[in-house]
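**Student:** Note that the protein sequences, when read in sequence, are chains A and B.
Under numbering that gives the first Met the number 0, the first residue of the first sequence is numbered 0, with each subsequent residue one higher.
Under numbering that gives the first Met the number 0, the first residue of the second sequence is numbered 0, with each subsequent residue one higher.
Where is the CB? At the ideal position from N, CA and C, for every residue including glycine.
These figures come from a predicted structure and were not determined experimentally.
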Amino acid sequence: MRAPAPGSWVDAIIAAGAVPAAYVPDASSGRSDIEEFTGAELVEGAELRTHALGDVRPAAFRTASFLDGIERWRVVSYAGVTPIVRAHVAAAVRVRGPDRRPRAVHEESRELAITRLEALTPAVREALTGSGVRVVEFAAEEAGQPARAIQAARSEVERARTALEQVLGERRAAELGPGEWLVVDGVLSDSAALSEHRRTLGVIKSHGAQFFKGPELERALTLPAGHRTSVFRPRRRGARREIYSWYLRLWPWEGNDLLYGMLRVEARADADTVTQASALSAWLVRERAPVSTPDPRWDRLLYSIHDVETYLKSRAPRDLIAPPASRLPRTGS
Amino acid sequence: MIQQRDPEPIGRVVATELKPATPHQFHFWTAQETTIGIGAIVRVEDAAGSGGRGAGRVVYGVVTDGFAYSDLATPLHDVVGAEGDPVRAAESPTVRQEIRLWTAAVLRQIPEEPLQPVPLGQVHVATDADVAQALRMDTYLSGPHPTGIPIGLYTSGGREAPVFLDADFLLGPEAAHLNISGVSGLATKTSAVEFLLASIFQHFPPHKGRIAAVCFNVKGPDLCFLDRPGTLDDEDRRRYERLGIAPRPFERVRYYAPFKADGVNLNTLRTHPDLVADVEALVWGLQEVLDFAEVLLNRDDIDAKADAFIDFLADRVLNREFDDGFGGTHRVATFADLDRLFRAIFDGLELAGRSDMWRTHHIATIRKIRNRLANISTRCKGLVTDDGPSNDLPWGRFEDRTVYVVDVANVDPLGQDLVFARVVSKLREHLERRDLGVDAVVVFVDELNKYAPADGPETYVKKMLLDISERGRYLGLVLFGAEQFRSQLHRRVVGNAGTTVFGRMDADELATPGYQVLSPATKIKLATLPVGELMTRHPHFTQPIFVRFPRPAVLRGRDGVEQFPPAADLPFEDAVVRQLVKLDARIRPNQVKDLIADRTPEDVRRALARTRQARPEEPFAYFRRLLGMRVAPAAAPVREAVSPLNPISEEPY
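1. Any C-beta of chain B within less than 7 Å: which residues of the stretch 266-291 of chain A qualify?
2. How about B/R99: is its C-beta nearer than 8 Å to some C-beta of chain A?
3. Which residues does DSSP pair with B/R587 in a beta bridge?
4. Sorted by chain position, which residues of the same chain lie with C-beta nearer than 6 Å to B/G156's C-beta, five sequence neighbours on each side aside?
5. Kindly provide the ranges of any alpha helix (DSSP H) runs that are 4 or more residues long and lie completely inside the stretch 50-86 of chain B, ordered along the chain.
6. In three-state DSSP terms, what is B/V124?
7. Given a cut-off of 8 Å, decide if B/L75 and B/W28 are closer than it, judged by their beta-carbon atoms.
8. By Cβ distance below 6 Å, which residues in the same chain neighbour A/I320 in space, the five residues on each side in sequence not counted?
9. For the alpha helix (DSSP H) containing A/V284, name the first residue and the last one.
10. Determine the chain B residues that contact A/R102 at a beta-carbon separation under 7 Å, and present them in chain order.
11. Tell me whether B/H206 sits in a helix, a strand or coil according to DSSP, three-state version.
12. I believe B/D221 touches B/G556 by the beta-carbon criterion, under 8 Å. Please report the beta-carbon distance rounded to the nearest angstrom.
13. Buried or exposed, going by whether 16 or more other CB atoms sit within 10 Å of the CB of A/E70?
14. With DSSP as the reference, identify every bridge partner of B/I544, one or two as the case may be.
15. Is the distance from the Cβ of A/L262 to the Cβ of A/V307 below 8 Å?
16. Is it right to say A/S313 is buried, meaning 16 or more other beta carbons lie within 10 angstroms of its own, or is it exposed?
17. Would B/R503 be called buried (16 or more neighbouring beta carbons within 10 Å of its own) or exposed?
18. For A/S205, decide whether its Cβ has a neighbour in chain B, counting only Cβ atoms nearer than 8 Å.
19. Grab the span of the beta strand (DSSP E) containing B/V493 for me, first residue to last.
20. Applying a beta-carbon distance threshold of less than 8 Å, which residues of chain B neighbour A/P293?
21. For B/T541, count neighbouring Cβ atoms within 10 angstroms of its own Cβ and tell me buried if that reaches 16, exposed if not.
22. Let me check one thing: in DSSP terms, what residues is A/G68 bridge-paired to?
23. Is B/G559 helix, strand or coil when you go by DSSP?
24. Return the CA-CA distance between A/P316 and A/H87, expressed in angstroms with no decimal places.
25. Near A/S28, what residues of its chain come up, given a Cβ to Cβ distance below 7 Å and the 5 sequence neighbours on each side ignored?
26. Residues of chain A with CB under 9 Å from B/A81, in chain order?
27. Use the C-beta contact count for B/Y68: other C-beta atoms within 10 angstroms, 16 or more gives buried, fewer gives exposed.
28. By Cβ distance below 8 Å, which residues in the same chain neighbour B/N370 in space, the five residues on each side in sequence not counted?
29. For B/G48, would you say it is in contact with chain A, using Cβ-to-Cβ distances shorter than 8 Å as the test?
30. Leaving out five residues on either side along the sequence, give the residues of the same chain with a beta carbon under 6 Å from the beta carbon of B/S49.
31. Should A/E43 be counted as a contact of the ligand COA given a C-beta to heavy atom distance under 7 Å?
32. Rounded C-beta distance between B/P248 and B/A608? I'm assuming under 8 Å.
33. Three or more C-beta pairs closer than 8 Å, one from the stretch 529-549 of chain B and one from the stretch 564-581 of chain B: is that the case here?
34. Since B/K380 sits in a beta bridge, which residues does DSSP pair it with?
35. Along the beta strand (DSSP E) that carries B/G10, what are the first and last residues, could you check?
36. Considering only residues of the same chain and omitting the five flanking positions on each side of B/L177, which have a CB-CB separation below 7 Å?
Next comes the structure, spelled out in structure tokens:
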């Protein structure tokens, strides 16, 4: 079946009896992170050390590709108390060549309807399934409580976005030639292809997962600007692959917060990674400029990642953005 | 040839609440590397029209402003990113996202009704056909009687398209007159007018009849070599071809210049032996001057008494047997005759000792008029002859596609005013009677602000220029004026110029109120215009358009003087010989010198003038016969007076 025009299926289900809604969850524009201690093993030296990058020659790449994805979603209607969510997920890879200007080489987006079909009235269900939109169902046990259903929908959106990022990342990684690198916004270890590739880097801005305790944690989180930690191997969690990682401080944290300007970098679990860690880190430090303001995460958000995000946002459906006005009751509806 | 190829889109119209698209203006973005610039003409197509031309609304616009900005939140963030080092700022691994945003003013919408905001469609660079549509040239380039006059090439946006003016609006009767302004030396005002005159002569529509031009050369050798080919390069020739104009000098040029004070050497820079034969002497007597005596009077002089006395001289004295009231009879035809009359009056009053009045005119008034008239014959000696015959432009015998250059560059300013007033008034008089020989005349006046200043006294010349500006288009009398500062020109002369052209402008001039309608970017472009590029306003163009024109195919004045250096002033005898030889090449110099050796210069000048005027079969014999007797002053022909100008009306243009 041919894909419907974005958002057109919403009219169909409302015509079939679903009650229109306009709720954009607060967390829709951000991402959740797992907050837990996982532990790590050092692979560079016997103890976690800090390495100054001031005198290190940055790695030089012919081209660098940057991968990021976005997700937008909102509750567009209710069938009874079961929310029907309209979601848009998109990902893109933009390549920066010698002219220093990024250009999109891969881009994909998907529109999803997220709900529990069996909780809908027959008419609404028929309208939804007949509309041609891709329907993703959350678990039956989540459908009874609207708050849980929305959380379940959020997870489905994030999963869809991550999957899309992974598809594009693996596609781009397969194309990379010598001297060409791929930088992914987020972890590499979800993908076998990415985590095993010689020239991919994962850049993680959120630090819910912690790998150290005590003095090592203090050393890691008080890392001076322009320094990195020793390379370590995070303990494996679930389906995640083996990976090497290190912390890198882009901007001085003093006067701000422990995590200010802090990145965690992921690369292939290989001895070469340890050898290249300083050069790669020095290259990432260079990527501080231009700063990605006015994004509030500018201290950790590389401009080229920000550029991909801006690109995707500019192409996302405008009606999924939260309306600036207050949520006064809609008249005539 | 008109290009028809439809180019790829180069931009897209964007509209926000703060920068909306309106029926008169829109904004669009382009790639950073673009051929678009200030003055480029673009075509916007409504999305509905994407399937084919004409399916939806089409809007033509001209770019009036440009903006570039990046996603940088504040300048401080750039400093932070570069850690205060400008070198590092330039080395950042990624170039910030930037935008090239352009503002365009609407030139035309199709359909024109209902007039709506510009659609948010794709933007294309205009083709030749688009330029013709955008500037409404399609209305006068086609049909049974096309009236297009090429003025130059539109060259913005990486394209090149001929731009035409409408002869009905450049040369009348719908509108008329052209004004060109710009800084000296860089605005190429004279070159532009030379090129445009050539264009007019080659493209003047046949159904509009015959046309000529009268050009006043007021400085240096600017217009002295219009019949000589100038230097053109391949680019110039290509542009001529593109405009459909043959790159050749003017085929028929008649030069007129007064004599120097000696009465035999011409007062012009076109005195090289190879060229001087083409220069006619411009000599006027009392009658020609008295018609325009008002020109000679300054503001303080103008009063009813002076006017009355001048009228009295013209009506009752000139060319009539006249009794001075003291027993003398006079027939006044020359300045010398008039002076004899004045002297007789003063002597008569003094001897009679009866009063200060003569025929109701006070002696002070008579003395003032005598002083002013004597003044012109002294200051403009060479132009004004005391008692010789006059030699004038060929009134009634003007030829089609001919340029008449009146060289007054070295004439006293008072004399320049007189020449200007008389020539233009005679043109008007003959055009009114339809007996000039041509149907339209372009009068080119450089330094127009000198003759029609925005402020200053209401002089005869100014009144005359206002009259031409406001009524000349009905007569076929078209004024092409040039000046450095348009703001210093009388507003009614400015307002009545149907076509306005700007070369490179002075920044101070651009700051005056007359340029408020231009965007800052357009002003900057005007202040930095390269030689050979002009901004043009024409009744059919709703916005100013930039055009390039090729160098005129005539010898520039400066080059002409180098190629044909002016001859040194000849001794009296040699100058007389040269003028007679010009009439008959068989005349031997010694023959002439022997003949005039024992004659007074005045007699020789008079005889020479009469010979020049008569152009007999045997000039030398005629000249010798005249010298054998006292050469009587030339009798003035019976003439019709020039009708007075209408008083200056207060109606706004």
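**Tutor:** Once the coordinates are examined:
1. R285, E286, R287, A288, P289 and V290
2. The count along the second sequence starts at 1 and reaches residue 99 of chain B at position 100. Chain A, which has no Cβ nearer than 8 Å to the Cβ of B/R99, makes this no.
3. Start at 1 with the first residue of the second sequence, and residue 587 of chain B comes out as number 588. Looking at the DSSP assignment, B/R587 forms no beta bridge with any residue, so it has no partner.
4. As a working mapping, residue 156 of chain B is identified with position 157 in the second sequence. Only T34, I35, A39 and V124 meet the Cβ criterion.
5. 74-80
6. Here residue 124 of chain B is taken as the residue at index 125 of the second sequence, counted from 1. Reduced to three states, the DSSP call for B/V124 is strand.
7. Sequence index remark: in the second sequence, residue 28 of chain B carries index 29 (1-based). Sequence index remark: in the second sequence, residue 75 of chain B carries index 76 (1-based). No, these two residues do not count as a Cβ contact at 8 Å.
8. Stepping through the first sequence from its first residue, residue 320 of chain A is reached at position 321. Taken in chain order, the list of residues that qualify is empty.
9. Counting from one through the first sequence, the residue named residue 284 of chain A turns up at place 285. Here the alpha helix (DSSP H) through A/V284 covers A270 to R285.
10. Working through the first sequence from its first residue, we reach residue 102 of chain A at position 103. Chain B residues near A/R102: none, gap ~11 Å exceeds 7 Å.
11. Translated into the one-based positions of the second sequence, residue 206 of chain B becomes position 207. If DSSP states are grouped into helix, strand and coil, B/H206 belongs with the helices.
12. Numbered from its first residue, the second sequence carries residue 221 of chain B at position 222. Numbered from its first residue, the second sequence carries residue 556 of chain B at position 557. The pair is a contact, with the Cβ atoms about 4 Å apart (cut-off 8 Å).
13. For this step, residue 70 of chain A is matched to residue 71 along the first sequence. It is buried - the Cβ of A/E70 has at least 16 other Cβ atoms within 10 Å.
14. Locating residue 544 of chain B in the second sequence gives position 545, where the first residue counts as 1. BP columns for B/I544 point to B/T535.
15. Counting from 1 along the first sequence, the entry for residue 262 of chain A is found at position 263. Counting from 1 along the first sequence, the entry for residue 307 of chain A is found at position 308. Their beta carbons are not under 8 Å apart, which means A/L262 does not touch A/V307 by this criterion.
16. Counting from one through the first sequence, the residue named residue 313 of chain A turns up at place 314. It is exposed - the Cβ of A/S313 has fewer than 16 other Cβ atoms within 10 Å.
17. On the second sequence, position 504 is the one that residue 503 of chain B refers to. Classification for B/R503: buried.
18. Walking along the first sequence from the start, residue 205 of chain A turns up at place 206. No, A/S205 does not count as interfacial toward chain B.
19. Within the second sequence, the letter at position 494 stands for residue 493 of chain B. Not the beta strand (DSSP E): B/V493 falls in the alpha helix (DSSP H), residues R490 to N495.
20. Within the first sequence, the letter at position 294 stands for residue 293 of chain A. Those within 8 Å of A/P293 in chain B are A72.
21. Translated into positions along the second sequence, residue 541 of chain B becomes position 542. Result: buried.
22. The residue given as residue 68 of chain A occupies position 69 in the first sequence. Per DSSP, A/A90.
23. Reading the second sequence from its first residue, position 560 is the one you call residue 559 of chain B. In this structure, B/G559 counts as helix in the three-state DSSP scheme.
24. If you number the first sequence from 1, residue 316 of chain A lands on position 317. If you number the first sequence from 1, residue 87 of chain A lands on position 88. Straight-line Cα distance between these residues: approximately 8 Å.
25. In the first sequence, counting from the first residue as 1, residue 28 of chain A sits at position 29. With a pLDDT of 41 at A/S28, under the threshold of 50, the modelled position of that residue is not reliable, and the figure given next carries that caveat. Result list for A/S28: empty, nothing under 7 Å.
26. Locating residue 81 of chain B in the second sequence gives position 82, counting from the first residue. Those within 9 Å of B/A81 in chain A are A288 and P289.
27. The residue labelled residue 68 of chain B in the question sits at position 69 within the second sequence. The residue is exposed, with fewer than 16 neighbouring Cβ atoms inside 10 Å.
28. For the purposes of this step, residue 370 of chain B is taken as the residue at position 371 of the second sequence. Excluding positions up to five away in sequence, the list is empty.
29. Translated into positions along the second sequence, residue 48 of chain B becomes position 49. Confidence in B/G48 is poor, its pLDDT being 47 and thus under 50, which makes the residue's placement unreliable; the coordinate value appears in the next sentence. B/G48 does not count as touching chain A.
30. Working through the second sequence from its first residue, we reach residue 49 of chain B at position 50. Residue placement at B/S49 is flagged as unreliable, the pLDDT there being 44, under the threshold of 50; the coordinate-derived value follows with that caveat. Cβ neighbours of B/S49 beyond the five flanking positions: none.
31. As presented, the structure is devoid of all ligands, the ligand COA included, so that no description of it is given.
32. Taking the second sequence and counting its residues from 1, one reaches residue 248 of chain B at position 249. Taking the second sequence and counting its residues from 1, one reaches residue 608 of chain B at position 609. In fact, because the Cβ distance is near 31 Å, the residues do not count as touching under 8 Å.
33. no
34. Against the second sequence, residue 380 of chain B aligns to sequence position 381. In DSSP, B/K380 forms a bridge with B/V383.
35. By 1-based counting over the second sequence, the position of residue 10 of chain B is 11. Its beta strand (DSSP E) spans residues P8 to V13.
36. Within the second sequence, residue 177 of chain B is the residue found at index 178, counting from 1. Cβ within range, chain order: L169, F479, A496, T498 and V500.
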